[in-house]
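Going line by line, the protein sequences match chains E and G. Quick note, the first sequence lines up with residues 24 to 262 if you use this note's numbering. Quick note, the second sequence lines up with residues 30 to 298 if you use this note's numbering. The C-beta atom is built at its ideal place from N, Cα and C for all residues, glycine as well. Okay, structure first, notes after.
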Amino acid sequence: MSIEVKSLIKIYDDRKVIDNVSFKVNDGETLAIVGFSGSGKSTILKLICGLTPRDGGEIITGDGDIAMVFQYSALFDSLNVADNITFALQERRELRKKYTQKDLAQIVTQKLELVGLQGIENKFPSELSGGMQKRVSFARAIVTEPNTILYDEPTAGLDPISSTLIEDYIVRLKEETNAASIVVTHQMSTIKRTADRVIMLYDGKIVYEGTPDDMLKMNTEYTKQFVTASLDGPMKMIA
Amino acid sequence: MITLQKYYRQSATYRIFKGILEEFTVFLETLGQITEKLGLTAKFILKGEIEKKELIEQCNRFGISSLPITLSITAMTSIIIASQVAAEMVKQGGSNFVGLLLTILFVREAGAVMSAFAIISMIGSSMASEIATMRVTEQIDAIQVLKVHPVRYLFVPRVLAGIIMMPFIVILASVIGVIAGAVTSDLSAGLSYRAYFDSAWLGVYIKDLFVSLFKAACFGGTIALISCTCGYHASGGAKGVGLATTKAVVWSFVAIVIIDMIFAIAFFY
């Protein structure tokens, strides 16, 4: 059920954007991946869920699904909330025969309740706020009961209160599903509130691995620079 | 000191050839993408993996919503041609051939081609921009993560809708074209409807109708396939959506002309 990444490599234009990255996330555990923009955080998620082919290494997952919550929700704007949530159940041939329309309606209600939304089944994504879209995308992600959930900057572009709400749902979904979770984020609050462990990437390599509390102690030059948001330090903006 | 290599790279000849090579590479890349998607779409269709609900929606979009513009364009084309040709032919003693000429023109060529051009402008461009927007907003990534094949979900219903609906559009367009020709010939050259329709069917054979319908189905499938492929491979935000839409329109126009030429040579040469 857990997910393990071994010596992962990704090369773009002759440059290693992911360079020999290894880590493991156990069931019911949340790993935060932090680092500068362009350090390869989102690329790791795309490699794990197979959106981008890898150039080396190994990704070991269980039999279940891998779900992903996208940075800007990526809800299907031509479908209403109910159809967005049950998209996989309606379109995957091995799943569609298992569910009647009544089952699907029940699943929608149940998943929406889980993310604190009710009565929006027939609304379209354009009628929802950014925070609500994000929560609907959470509901869509967990509909196939995945064993791994990937979050790509889940609080990006949200106000602090909505961010707190989203962070609460990340914790809640982990407890409800016991899935291995990986959260890519820049936000210190998201790291503190959701993560059990943190890895920091710089130039495609892991430069720090530890707990959020240890990270906040700023025992290394990398964590010190990241936590204090300083321009001085070993990490330089990558052109 | 400037090296010979640097000097060569700055030369106009080098830059022109480099530009041509880059364009040729893009051309081959696009051709490869279209071929790959054609193969995948055909595979899903042959396996019967067709989303009926989505297919009906796309048929409605392809056929019904485009009909007013398509028929208007065909009718106006017929009026333009008939108003210039009918009077002159009547004057030259060729009144018996006006109906024949316009019927052959619309059944064999203009009905299908004018419909295809209208469909490219209306439906092809909207398909390309819709799918390109889905690409740049990660909706296609979401489809893949949810383990649904994007070609099955996006391409199959659209391409099938094109193949199914285009012959119906062409039948209607051809009929409208022939009727508009009759009305225009009557008004501009005083050619009676009887004289027009008596000659109209003389040069049209069953083969012409079948070839026209087969060609229409090819046009419909091609427009949908190219539009979906260009949208699918879009990148880079709003600019990428615009470029994908333009590329879809240009490629579709060129493809239609090439297919039309192949049909003309194969069946009427």
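With distances taken between CB atoms, is the gap from residue i to residue j smaller than 7 angstroms?
i	j	result
G250 (chain G)	V188 (chain G)	yes
S241 (chain G)	I149 (chain G)	no
T213 (chain E)	T251 (chain E)	no
I41 (chain E)	G227 (chain E)	yes
V221 (chain E)	M238 (chain E)	yes
T258 (chain G)	K66 (chain G)	yes
G191 (chain G)	A253 (chain G)	yes
G128 (chain G)	S217 (chain G)	no
M91 (chain E)	V180 (chain G)	no
K157 (chain E)	I189 (chain E)	yes
G210 (chain G)	S107 (chain G)	yes
S203 (chain G)	I152 (chain G)	no
I108 (chain E)	A162 (chain E)	yes
V44 (chain E)	I172 (chain E)	no
A55 (chain E)	E167 (chain G)	no
I198 (chain G)	T99 (chain G)	yes
T103 (chain G)	I255 (chain G)	no
L201 (chain G)	S124 (chain G)	no
G269 (chain G)	A263 (chain G)	yes
D78 (chain E)	I26 (chain E)	no
I184 (chain E)	T217 (chain E)	no
R115 (chain E)	K176 (chain G)	yes
S204 (chain E)	T53 (chain E)	yes
V279 (chain G)	S154 (chain G)	no
L135 (chain E)	Y122 (chain E)	no
Residue i touches chain E at which residues, Cβ-Cβ below 8 angstroms?
i	result
Y182 (chain G)	E114
E167 (chain G)	F93, Q94, Y95 and A97
7 angstroms is my cut-off, CB to CB: does residue i come that close to chain G?
i	result
A111 (chain E)	yes
F59 (chain E)	no
L74 (chain E)	yes
Identify the contact partners of residue i in chain G, using a Cβ-Cβ distance below 8 angstroms as the criterion.
i	result
Y35 (chain E)	Result: empty, since nearest Cβ-Cβ is about 13 angstroms, beyond 8 angstroms.
D88 (chain E)	K176
Tell me which same chain residues have a C-beta within less than 6 angstroms of the C-beta of residue i, skipping the five on either side of it?
i	result
N170 (chain E)	M24, G85, G87 and A202
E144 (chain E)	V104, A105 and V131
A145 (chain G)	F248 and I285
I288 (chain G)	C247
H178 (chain G)	none
V136 (chain G)	S203, V233, D237 and S241
A128 (chain E)	none
Any Cβ of chain E within less than 7 angstroms of the Cβ of residue i?
i	result
A171 (chain G)	yes
K66 (chain G)	no
L175 (chain G)	yes
Using a Cβ-Cβ cut-off of 7 angstroms (strictly less than) and excluding sequence neighbours within five positions of residue i, which residues of its own chain qualify?
i	result
S65 (chain E)	D175 and V207
T243 (chain E)	Y231
E83 (chain G)	P186
Going by beta carbon distance, what residues of the same chain come within less than 8 angstroms of residue i, once the five residues before and after it are set aside?
i	result
E232 (chain E)	F46, R220, V221, I222 and M223
L33 (chain G)	none
By alpha-carbon positions, which one of the options ends up nearest to residue i?
i	options	result
S30 (chain E)	E:Y225, E:I83, E:S186 and E:F249	E:I83
D191 (chain E)	E:R115, E:V138 and E:L102	E:V138
G153 (chain E)	E:E27, E:Q141, E:S186 and E:L127	E:S186
L130 (chain G)	G:W230, G:L50, G:I235 and G:I291	G:W230
I89 (chain E)	E:L140, E:E52 and E:C72	E:C72
Y26 (chain G)	G:S203, G:E159 and G:I133	With chain G covering only 30 through 298, there is no way to say anything about residue 26 (chain G).
Y261 (chain G)	G:I160, G:K268 and G:I291	G:I160
S60 (chain E)	E:Y225, E:I229 and E:S253	E:Y225
I193 (chain G)	G:R90, G:I45 and G:T42	G:R90
H209 (chain E)	E:E52, E:I32, E:G58 and E:Y35	E:G58
L181 (chain E)	E:M155, E:D37 and E:R119	E:M155
K244 (chain G)	G:R164, G:F296 and G:P186	G:F296
F239 (chain G)	G:Y222, G:F292, G:V278 and G:F53	G:F292
P186 (chain G)	G:E58, G:A41 and G:I74	G:I74
A115 (chain G)	G:K35, G:Y222 and G:D237	G:Y222
M118 (chain G)	G:G271, G:S214 and G:K268	G:S214
I169 (chain G)	E:M211, E:S101 and E:E117	E:S101
T59 (chain G)	G:K276, G:I294, G:S155 and G:Y298	G:K276
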